[in-house]
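Visitor: Mind the numbering: the sequence shown is residues -18 to 291 in the working numbering, read in order.
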Amino acid sequence: MARRSPEGISVVDIEIEVKKMKVYRRITLLIFVMVLVIPAYRIVRAQGTVETAGGLVIDDEFVYGSLERGARRLVDEGKTTAFVTLAEELNRTRCTVALPKSRAKAMPDTHIYAQCRKGVLVVGTLYKCSHCPNDHLRAASGFVIAEEGVAVTSYHIFRGDATDEKTDVTVVVMDTDGTVYAVTEVLAASLADDIAVFKIDTQGKKLPVLPLGSDAAPGDDANVIGHPHNMFYSFTQGTVSRWYRRNGGDKMSVTADFSQGSSGGPVLDDKGNVIGIVSATRSLYNGDNNVQMVSRETIPVRALRALTTK
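#1: So for N115, helix, strand or coil by DSSP?
#2: Is the number of C-beta pairs between the region 152 to 160 and the region 245 to 264 that are closer than 8 angstroms three or more?
#3: Output the boundary residues of the alpha helix (DSSP H) element that contains D57.
#4: For R73, tell me which candidate among K147, L80 and A170 has the shortest Cα-Cα distance.
#5: Taking all protein chains shown into account, do 16 or more other C-beta atoms lie within 10 angstroms of the C-beta of N271, making it buried, or fewer, making it exposed?
#6: Quick check on DSSP: helix, strand or coil for T148?
#7: Quick check: what's the CA-CA separation for T106 versus R54?
#8: So what does P281 bridge to, in DSSP terms?
#9: Tell me the rounded alpha-carbon separation between I176 and T148.
#10: Which residue comes first and which comes last in the beta strand (DSSP E) that contains E166?
#11: Taking the continuous beta strand (DSSP E) assigned at L249, which residues delimit it?
#12: Given this structure, state the Cα-to-Cα distance separating Y136 from L37, to the nearest angstrom.
#13: Out of Q184, M88, F239 and A198, state which residue places its alpha-carbon closest to the alpha-carbon of A121.
#14: Flag A284 as yes if its beta-carbon sits less than 9 angstroms from any beta-carbon of chain C, otherwise no.
#15: Please list, in chain order, all residues of the same chain as H117 whose beta carbon is under 7 angstroms from its beta carbon, the five residues on each side excluded.
#16: Take the Cβ of M233 as the centre, count every other Cβ of all protein chains shown within 10 Å, and call the residue buried at 16 or more, exposed below.
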């Protein structure tokens, strides 16, 4: 028989009530913590990103998968332009683009990334795999220069060491909202400058743009946003190192890191203006074949201006 208090309540009943109170307090505490945390930790699954109080967290596999699925969907819907057609349009040398005004005010580094990444694109080439029946995708970088859908990437994305007109299907881009667009046309290109200006079908959507800046000098800030080895929206910083001539065009080396997948991405000044386009890396070796230094080659913005004005 259960023991009872003078008021007629059993000890078992008291223990049950105590346990209920503990559970209630834990639930209340959990709700309180959620109320505090959720505003600073907003999950945006559609974009493959997580925004926290400390910054943006990116799910690279999600971003890549979204781009690949979006590319296949556009192909299935007949909304893409064949890769071979885009490659044939690389002989166009000039186009007219209404460019936005350059920014005049310097920004903190965190603002450069937060504002400028919205104008940076993931450029994807869909290709037929020689080892399986599936299509796959090569990712590179690009950026928007006109809100109606004019963008820039590297020439070698359309014709280079990695391309194959027999197996490459089409080229698409994806913005920071996770929307995938078809590349419909190459407007102008330069092999010597490794630049291609192209049009995308935005379905009427206005895209965030990156304004073009002026030529930068050695010692000036150089910030890069790109997708090295599918590490999407990486931000690196450095300075302009030097100018030089190679393969028939002027080049600008920077100390900001980048690698494969960064090609076509913007090099930005301290105001968020484009001062160059990522092009290539050159590893420098000593006599023992050890890498001593990596030269990071970019194309000065003057070459892009020459392509977009008549």
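The beta-carbon is built from N, C-alpha and C at its ideal position, and this holds for glycine as well. Bear in mind the structure is a predicted one, so any value in this text is a computation, not a measurement.
Guide: Answer, in terms of the structure:
#1: The answer is coil: DSSP assigns N115 none of H, G, I, E or B.
#2: At 8 angstroms Cβ cutoff, the stretches do not touch.
#3: Where D57 is concerned, the enclosing alpha helix (DSSP H) stretches over D41 to D57.
#4: When each option's Cα is compared against that of R73, the closest is A170.
#5: Burial call: exposed.
#6: In the structure shown, T148 falls within a coil segment according to DSSP collapsed to helix, strand and coil.
#7: Roughly 14 angstroms separates the two Cα atoms.
#8: In DSSP, P281 forms a bridge with G257.
#9: Cα to Cα, I176 sits roughly 22 angstroms from T148.
#10: For E166, the enclosing beta strand (DSSP E) starts and ends at V161 to S171.
#11: First-last of the beta strand (DSSP E) with L249: P247 to L249.
#12: Their backbone Cα atoms lie some 30 angstroms apart in a straight line.
#13: Minimum Cα-Cα distance from A121 among the listed residues Q184, M88, F239 and A198 corresponds to F239.
#14: Chain labels in this structure do not include chain C; a single protein chain is all it has.
#15: So the qualifying residues of the chain are Y108 and C110.
#16: Here M233 is buried. Its C-beta has 16 or more other C-beta atoms within 10 Å.
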